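So the structure is just underneath, and the comments pick up after that.
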Amino acid sequence: MRIDVVTLFPDFVRACAEVGVVGRAQRRKLLQVETWNPRDYATDHYRTVDGRTCGGGPGMVMLIEPLRAAFKAMRAAAPEPAHVVYLSPQGARLTQDRVEALAKRPRIALLCGRYEGVDARFLAHEVDEELSIGDYVLSGGELGAAVVIDAVGRLQDGALNDAQSAEQDSFSTGLLDCPHYAKPVSDAYGEVPPVLLAGDHAAIRRWRLKQALGRTWLRRPDLLAQRALDAESRALLEEFRREYLAAGGLDATTDRRP
Ligand code: 9WO
1326 MRIDVVTLFP DFVRACAEVG VVGRAQRRKL LQVETWNPRD YATDHYRTVD
1376 GRTCGGGPGM VMLIEPLRAA FKAMRAAAPE PAHVVYLSPQ GARLTQDRVE
1426 ALAKRPRIAL LCGRYEGVDA RFLAHEVDEE LSIGDYVLSG GELGAAVVID
1476 AVGRLQDGAL NDAQSAEQDS FSTGLLDCPH YAKPVSDAYG EVPPVLLAGD
1526 HAAIRRWRLK QALGRTWLRR PDLLAQRALD AESRALLEEF RREYLAAGGL
1576 DATTDRRP
C-alpha cells in the first residue's frame, strides 16, 4: 500500500518509517511512504504556512492555500484515491480494528497539524477520518502519523515473518499478551515456569491462554467484558482467579501486590 504524509517535518516522519519491520516492508516494496511539505507549496517570499487565528487570541493556524497545493500534488502523484486521515486529540481513538481497516486500503494520506491546528474549512473539505492515538496533547500530528504508519505497515502481507505473525498479536485475540521467557532457565531474578520446559505443547498453549486471560482480567477488565469466552477460556480464567486469590493477589509482572 501507499501512505502519503503531509507534514512540515518530513525528515522526522521518514526516519520513523525507515526502522525495523516497517523499514524492511518499504525496502521489500510492500509499503511506499511519501512525504509532502506544505512549505514547498507556499508562494510568498517567506514561504508562510501559518496565519493568525480569526477571532483573536494566541497561536497560529495552518493556512488553506499551501495545504491545498500540497494536497493537489499529493493526490496527482498516484492514480488511486487517497483515504485522508487527520491526526488530532479530537479524533476517534485509534484501535487495532481501525488499524486493520486502514491496512486493507490501497492508499491512505496522513495530515499532520502543527500550531493550533488546520483551518477547519480545509478539514471539512479534504479529510475523511479524524483519529487520535490517545488522550494527550502533542506539539503536532507527526508522532500520531508515525504510530499509524508503524501499526499499518507491519500488517502488510509479507512484512512479518512466521514468528512475528499478526495472528500472534496481543489484540488479534482481544486479550493481552502472556508473559515471555528466554534462557537461562534459572536466574537470580527467578525461574522459567516449568510447564514451558516440559515439551507438552497442549499444556503450553493452555498455560499461555490462561495467563493472557488472567492478565486481561487484572489489567483490562474492559476488554474481557467485550468478549464472549468459550467453555475452555471460562475454566482457565476461573483457575487463574482461584490461584491468584490463594496467592494473596500478586501482580504477574512484579510478583507484588498491585
Ligand atoms: C495547541 C494549542 C496552543 C494554545 C491554545 C490551544 C491549543 N491547541 C493546540 C492543539 O491542540 N494543537 C494541536 C497540535 C493541533 C493539531 C495537531 N497537534 C496535535 C495532534 N497535538 N496532539 C495531536 C495528537 C494527534 C493524535 N493523537 C493524539 C494527539
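Going by this note's numbering, the sequence shown opens with residue 1326, and the numbers climb by one from there.
All C-beta atoms, glycine included, are put in the ideal place defined by N, C-alpha and C.
Computed from a predicted structure; not experimentally measured.
- Less than 8 Å divides the Cβ of residue 1540 from the Cβ of residue 1501.
- As computed with DSSP, residue 1361 is found in a beta bridge with 1331.
- Residue 1331 places its beta carbon less than 8 Å from that of residue 1437.
- For residue 1473, the enclosing alpha helix (DSSP H) starts and ends at 1467–1478.
- Within the same chain, 1473, 1476, 1477, 1480 come within 8 Å of residue 1424 by CB-CB distance, once the 5 residues on both sides are set aside.
- The beta carbon of residue 1538 is closer than 7 Å to those of 1500, 1558, 1561, 1562, 1565 in its chain, skipping five residues each way along the sequence.
- Assignment of residue 1387 by DSSP, reduced to helix, strand and coil, places it in the strand class.
- By the Cβ rule, the segment 1405–1425 counts as touching the segment 1446–1465, because three or more pairs are nearer than 8 Å.
- Here the alpha carbon of residue 1485 sits roughly 36 Å from the alpha carbon of residue 1393.
- Leaving aside the five residues that flank residue 1467 on each side, the residues in its chain whose CB is nearer than 7 Å to its CB run, in chain order, 1332, 1334, 1337, 1338, 1437.
- Using a cutoff of 7 Å, the CB of residue 1465 counts as near the ligand 9WO, since one of the ligand's heavy atoms is closer than that.
- Inclusion of residue 1462 in the 7 Å shell around the ligand 9WO follows from its C-beta lying nearer than that to a non-hydrogen atom of the ligand.
- Residues 1456, 1458 of the same chain have their beta carbon placed closer than 6 Å to that of residue 1419, with the five preceding and five following residues left out of the count.
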